[in-house]
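Its first residue numbered 1, the sequence shown is counted upward by one per residue in the numbering used here.
Glycine included, every Cβ here is placed at the ideal spot set by N, Cα and C.
Notes to accompany the following structure.
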Amino acid sequence: MHIENIGNYLKENGIKPSIQRIKIFQYLMDNHTHPTVDDIFQNLSHEIPTLSKTTVYNTLNIFLENNIVKEVIIEENEVRYDLITGTHGHFKCKECGDIVDFDLDLSKLDLQELGNVEIEETHFYLKGVCSKCISEKRKMKNN
1 MHIENIGNYL KENGIKPSIQ RIKIFQYLMD NHTHPTVDDI FQNLSHEIPT
51 LSKTTVYNTL NIFLENNIVK EVIIEENEVR YDLITGTHGH FKCKECGDIV
101 DFDLDLSKLD LQELGNVEIE ETHFYLKGVC SKCISEKRKM KNN
């Protein structure tokens, strides 16, 4: 995702831009790692000494309310954030913890047995071992 002017983008989405909000959004754009509140706070607190975890939480809640960020909850006690709000899935590596997006075509799912339902949210998560970790395991095994 590339946005020329984050301040204008926030305004267009009903959010009053502030230095903290712009920096947090910029961090999400630059670090597509599905960060947690702690990740964001730890990485921005040296740049914004007045930043608090409460500000990070409140900012992310505003972003969520205005649908410019999605929550990603793969592990029970771990909320992460994603700028990509369209339909897609996530794969989490059990070894290194990396989370990777992948395209998800809902039109290929047969949902007829659900009957007449309205789907309001989709969450599709896969867990396993990524190719990088599999390669590293093989290298270690061969040495």
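Neighbour-count burial assignment, residue i, 16 or more Cβ in a 10 Å radius
i, result
"K92", "buried"
"R138", "exposed"
"I119", "exposed"
"L56", "Correcting the residue identity first, residue 56 is Val in this sequence and not Leu. It is buried - the Cβ of V56 has at least 16 other Cβ atoms within 10 Å."
"T87", "exposed"
"F102", "exposed"
"T122", "exposed"
"I19", "exposed"
"T85", "exposed"
Where the alpha helix (DSSP H) through residue i begins and ends
i, result
"K141", "S131 to N142"
"V100", "Unbroken run through V100 is the beta strand (DSSP E), I99 to D103; no alpha helix (DSSP H)."
> Is the stretch 115-135 in contact with the stretch 85-102, if contact means three or more CB pairs nearer than 8 Å?
Replying inline: Under the three-pair Cβ rule at 8 Å, the stretch 115-135 counts as touching the stretch 85-102.
> Looking at C-beta atoms only, is the number of pairs between the stretch 52-64 and the stretch 35-43 that lie closer than 8 Å three or more?
Replying inline: For the pair of segments examined, the stretch 52-64 was found to touch the stretch 35-43: the number of CB pairs separated by less than 8 Å reaches three.
>> Restricting to runs no shorter than 3 residues, where is the beta strand (DSSP E) found entirely within the stretch 101-128?
In response: Uninterrupted beta strand (DSSP E) stretches at least 3 residues long and entirely within the stretch 101-128 occur at 125-128, given in chain order.
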